[in-house]
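Student:
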Amino acid sequence: MNPRSDIHDRLATALREARRARGLSLDAVAKLSGVSRSMVSQIERGESSPTVATLWNLTQALQVDFAGLIEPKPAPVIEVVRSAAAPVMQRAEGVKIRILSPPESVGEHEVYELSFQAGAALISDPHRQGCREHLTVLSGRLRVTAGEAEERLGPGDVARYPADRRHQIVADGGPARAILIVQGS
Numbered sequence: 000m001n002p003r004s005d006i007h008d009r010l011a012t013a014l015r016e017a018r019r020a021r022g023l024s025l026d027a028v029a030k031l032s033g034v035s036r037s038m039v040s041q042i043e044r045g046e047s048s049p050t051v052a053t054l055w056n057l058t059q060a061l062q063v064d065f066a067g068l069i070e071p072k073p074a075p076v077i078e079v080v081r082s083a084a085a086p087v088m089q090r091a092e093g094v095k096i097r098i099l100s101p102p103e104s105v106g107e108h109e110v111y112e113l114s115f116q117a118g119a120a121l122i123s124d125p126h127r128q129g130c131r132e133h134l135t136v137l138s139g140r141l142r143v144t145a146g147e148a149e150e151r152l153g154p155g156d157v158a159r160y161p162a163d164r165r166h167q168i169v170a171d172g173g174p175a176r177a178i179l180i181v182q183g184s
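Per numbering that gives the first Met the number 0, the sequence shown runs over residues 0 to 184.
1. Measure the C-alpha to C-alpha separation of arginine 97 and leucine 54 and round it to an integer number of angstroms.
2. Where do the N-terminal and C-terminal ends of the alpha helix (DSSP H) with alanine 74 fall, by residue?
3. When the distance is taken between beta carbons, is arginine 15 closer than 8 Å to glutamate 43?
4. What residue does the beta strand (DSSP E) around arginine 36 start on, and which one ends it?
5. Would you please state the rounded distance, in angstroms, between the beta carbons of glycine 139 and arginine 176? I believe it to be under 8 Å.
6. On a CA-only basis, which of Ala29, Glu107, Ile122, His108 is nearest valine 94? Give me that one, please.
7. Output the distance between the C-alpha atoms of threonine 12 and aspartate 5, rounded to the nearest integer angstrom.
8. Whether or not the segment 167–181 and the segment 102–115 are in contact is what I'm after, with contact meaning three or more pairs of Cβ atoms, one per stretch, closer than 8 Å; do they touch?
9. Quick one: what's got a C-beta closer than 7 Å to arginine 3's C-beta in the same chain, skipping five residues either side?
10. Within the same chain, show all residues whose beta-carbon is closer than 7 Å to that of valine 63, passing over the 5 residues directly before and after it, in chain order.
11. By a C-beta neighbour count over all protein chains shown, 10 Å radius and 16 as the cutoff for buried, is threonine 50 buried or exposed?
12. Given serine 40, which residues of its chain have a CB within under 8 Å of its CB, disregarding the five upstream and five downstream residues?
13. Taking all protein chains shown into account, decide if valine 181 is buried (16 or more other Cβ within 10 angstroms of its Cβ) or exposed.
14. Identify whether arginine 89 lies in helix, strand or coil by the three-state DSSP scheme.
15. May I have the straight-line CA-CA distance separating arginine 36 from valine 28, to the nearest angstrom?
16. At what residues does the alpha helix (DSSP H) containing glutamine 59 begin and finish?
17. Taking C-alpha atoms, which residue in Pro125, Arg159, Asp171 lies nearest to alanine 119?
18. Classify glutamate 149: buried if its beta carbon has 16 or more other beta carbons within 10 angstroms, exposed otherwise.
19. Valine 34 to proline 75, Cα distance in whole Å?
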């Protein structure tokens with residue numbers, strides 16, 4: 000392998016990961032570093048080799064070690080995503096969905112923490128043929144509907160159901176929390 004391309008790829012990946020780890024947009028990094036947004040984007044995609052001055056400005060803006068950017072980093076034995084760093088979606092009024100699974104598992108095996116306000120509902124159109132959901136109630140009570148079938152669940156209960164039909168999860172009475180595993184979405 001060409002050593003220059005290996006360094007180039009590591010640099011692009013390290014800068015992109017540093018930016019994302021700090022929750023910064025390309026625009027924010029451009030403003031902090033004085034490097035144009037398009038140049039930051041090109042560097043992160045490995046389409047441009049930055050000058051030392053540009054690289055220095057980016058490392059200062061991202062608060063990362065200049066030398067450590069191109070040194071290969073060993074993969075962590077234990078990958079940790081801190082609670083505040085997990086992505087959160089609001090798909091429905093009163094339902095918070097925290098994504099627990101890694102991005103590369105999308106469409107195969109997805110894991111979510113669901114938090115419902117009293118009476119809130121997560122209503123889903125059919126997923127891909129053969130898709131199944133596994134719902135574990137952590138607290139509160141939930142009502143699950145898959146097609147015409149319906150079940151009520153309490154803390155510790157697990158429901159497994161086909162998700163290739165219209166389905167919904169509703170907080171039954173008060174607030175509720177659950178873990179949802181989606182297979183084959």
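Ideal Cβ placement from N, Cα and C applies to all residues, glycine included.
All of these numbers come straight from a predicted model, not from anything done at the bench.
Tutor: In short, the structure shows the following:
1. 34 Å
2. Neither: alanine 74 is in no alpha helix (DSSP H) and is coded neither H nor E.
3. yes
4. Here arginine 36 belongs to no beta strand (DSSP E); instead the alpha helix (DSSP H) covers 36–43.
5. 6 Å
6. Ile122
7. 11 Å
8. The way I'd put it, the segment 102–115 does touch the segment 167–181; three or more beta-carbon pairs between them come closer than 8 Å.
9. Low local confidence applies: a pLDDT of 46 at arginine 3 is under 50, so the model's placement there is unreliable, with the coordinate-based value given in what follows. Around arginine 3: no qualifying Cβ.
10. Answer for valine 63: Ala17, listed in chain order.
11. exposed
12. Leu25
13. buried
14. The residue you asked about is not arginine; residue 89 is glutamine in the sequence shown. Reduced to three states, the DSSP call for glutamine 89 is strand.
15. 8 Å
16. 51–61
17. Asp171
18. exposed
19. 31 Å
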